[in-house]
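Q: Those protein sequence lines, which keep their order, are chains A and B.
Oh and the first sequence: position 143 is 157 in the numbering used here, straight run, nothing missing.
Oh and the second sequence: position 39 is 53 in the numbering used here, straight run, nothing missing.
Note that the Cβ used here is the ideal one computed from N, Cα and C, for glycine as well.
2 protein chains.
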Amino acid sequence: MPITKVNEEELLDRLTDVFRTYGYDGASLSKISEATGLQRASLYHRFPGGKEDMAKVVLERAGQWLFNRVLAPLSGPGTPAQRIRNMANELHSFYAGGQNCCLLDSLSFGSDDNAIRQHVQQGMSAWVNELAKVAQEGRVSAKKARQKAQDAISQIQGTLVVARVIKDYGPFERMLAELPTTLLGKQA
Amino acid sequence: MPITKVNEEELLDRLTDVFRTYGYDGASLSKISEATGLQRASLYHRFPGGKEDMAKVVLERAGQWLFNRVLAPLSGPGTPAQRIRNMANELHSFYAGGQNCCLLDSLSFGSDDNAIRQHVQQGMSAWVNELAKVAQEGRVSAKKARQKAQDAISQIQGTLVVARVIKDYGPFERMLAELPTTLLGKQA
DNA sequence: TATTATTTACCGAACGTTCGGTATATGTCA
DNA sequence: TGACATATACCGAACGTTCGGTAAATAATA
């Protein structure tokens, strides 16, 4: 088998960067080609389904990343507050301190029949459900727990938008520090 | 003067819709033409600067809308909490209960040298400053007031992202109800 | 008539995608 | 081991379509 010009991991990293920065429509094959170092035709060899395929794989991978690194600690040992602080640390590196914007945001624009959008929706829904589990350890109703989970996701997304627009990463940092309170309530 | 096929206000309304939904890159001239009922050349008659011109005008108009309807009540009569509740009501209609996403989000993607992005940044910065003024009426330091303002904007943006992705408008509604607390602290 | 809104027709460039072909690795059988 | 078929990874060039944008002509107001 011939040697690959760029290995799978790095290829997906760069692909992710482009989709994150420019969104689905903004991520042209020219930009993708430049960012990955692969010609258009080579990209079609790796992703027979074309651009849509690329976005799906990128989204799937980010979801696994999130699940393994960010959500996994939530089911681990330690008090709920400790586990949430662990998640906050992972989130910090996941979003590069607020400098990386969220694929769930950038890929959620466009028409409703967009093939990518349902994947985005599933991703965020799964995330909410996972956070709601921990929130419920704070001995609140399922409904309240779900609300807290939604609030946490909202704050993550919101601080990332603010970071991207006005380039101030303070809100993102503060939001991570407040995550235990957000998800569990007053008691830390 | 020949009669206009579509008057300025309605033209800008539809234009705003397209940019909101698809972002700058996703808003192709074909989509814009279809949404407005005007041919490409007609659009260039109305906006000599082309697509970038359209986006600027749309952004400028949204900014004025925000300033006149949403931010103005903040300097009006009544207690700070009352004025913030007024703003929340205006925000509710401004974003159609969470169904309209924010131009500051959709137009903030793309490369850094994007001509639109600095307009977006100025818009959000002005918004933060305005909110910080009210927050400071809660007798807190300028720094704390600015943080509260940023938190409020973050929550607005975040709940709108969540609404767009998973089509749940609960977080947006709850966030509006909590705005007085968010901006002023415990005392309402 | 002068001005203005809109249209048709068109432009070069870029879009996502596909094709034909080359070079490098692996598998296999003599 | 050598020779050859197969599979993989890649590229240059082109596909038809759509992009953002323009020029010339028509229609309608003042």
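Are glycine 40 of chain B and phenylalanine 123 of chain A touching if we call contact CB-CB under 8 Å?
A: Cβ distance < 8 Å, so glycine 40 of chain B and phenylalanine 123 of chain A count as in contact.
Q: Where does the unbroken alpha helix (DSSP H) through glutamate 151 of chain B begin, and where does it stop?
A: No alpha helix (DSSP H) holds glutamate 151 of chain B; DSSP gives it neither H nor E.
Q: Just by C-beta distance, which residues in the stretch 182–197 of chain A are closer than 8 Å to chain B?
A: Asp182, Gly184, Pro185, Arg188 and Met189
Q: Hey, is histidine 133 of chain B close to the ligand SAM, as in C-beta under 7 Å from one of its heavy atoms?
A: Within the structure as shown, the ligand SAM is missing, as the structure has no ligands at all.
Q: Helix, strand or coil, according to DSSP, for alanine 202 of chain B in the structure here?
A: For alanine 202 of chain B, the predicted model reports a pLDDT of 36, less than 50, meaning its position is unreliable; a value from the coordinates is still stated below. Looking at alanine 202 of chain B - three-state DSSP - the assignment turns out to be coil, as it is neither helix nor strand.
Q: Start and end of the alpha helix (DSSP H) containing asparagine 103 of chain A?
A: Looking at the DSSP string, the run of the alpha helix (DSSP H) that includes asparagine 103 of chain A is 94–108.
Q: Beta-carbon within less than 8 Å of isoleucine 167 of chain A's beta-carbon, same chain only, minus the 5 sequence neighbours each way: which residues are those?
A: Taking C-beta separations shorter than 8 Å and ignoring five residues to either side along the sequence, the partners of isoleucine 167 of chain A in its chain run Met138, Trp141, Val142 and Leu145, following chain order.
Q: Quick check: the Cα distance between glycine 111 of chain A and alanine 129 of chain A, rounded to an integer number of angstroms?
A: 30 Å
Q: Return no unless some Cβ of chain A is closer than 8 Å to the Cβ of arginine 28 of chain B.
A: It does not; no Cβ of chain A falls within 8 Å.
Q: What are the residues of the stretch 81–109 of chain A that lie near chain B, defined by any Cβ-Cβ distance shorter than 7 Å?
A: none
Q: Consider the Cβ of threonine 50 of chain B: report whether some Cβ of chain A lies at a distance smaller than 8 Å.
A: By this cut-off, threonine 50 of chain B is not an interface position.
Q: Anyone know if the C-beta pair for glutamine 161 of chain A and threonine 196 of chain A falls short of 8 Å?
A: no
Q: Let me see if you follow: with CB-CB separation under 8 Å, is methionine 138 of chain B close to chain A or not?
A: yes
Q: Check whether the Cβ of glutamine 201 of chain A lies closer than 8 Å to any Cβ atom in chain B.
A: Reliability of the predicted coordinates at glutamine 201 of chain A is poor, the pLDDT of 42 falling under 50, and no value is obtained from them.
Q: What residues in the stretch 121–133 of chain B bring their beta carbon closer than 7 Å to a beta carbon of chain A?
A: Ser122, Phe123 and Gly124
Q: So glycine 77 of chain B is in the alpha helix (DSSP H); what residue range does that whole segment cover?
A: 64–79
Q: Would you kindly check if the distance between the Cβ of leucine 121 of chain A and the Cβ of leucine 73 of chain A is under 8 Å?
A: Here leucine 73 of chain A is near leucine 121 of chain A, since their CB atoms are less than 8 Å apart.
Q: Are the stretch 19–27 of chain B and the stretch 45–62 of chain B touching, with three or more C-beta to C-beta distances below 8 Å?
A: yes
Q: Report the CB separation of valine 134 of chain A from valine 175 of chain B in whole angstroms; it is logged as a contact under 8 Å.
A: No, valine 134 of chain A and valine 175 of chain B are not in contact; Cβ-Cβ is about 10 Å, not under 8 Å.
Q: Take valine 84 of chain A as the anchor and find which of A:Arg99, A:Gln113, A:Asp127 and A:Gly92 has the nearest alpha-carbon.
A: Residue A:Arg99 is the option with its Cα nearest to valine 84 of chain A.
Q: Could you check if glutamine 209 of chain B is buried or exposed, using at least 16 other CB atoms within 10 Å of its CB as the buried criterion?
A: Any answer about residue 209 of chain B is impossible in this case: the structure gives chain B only from 15 up to 202.
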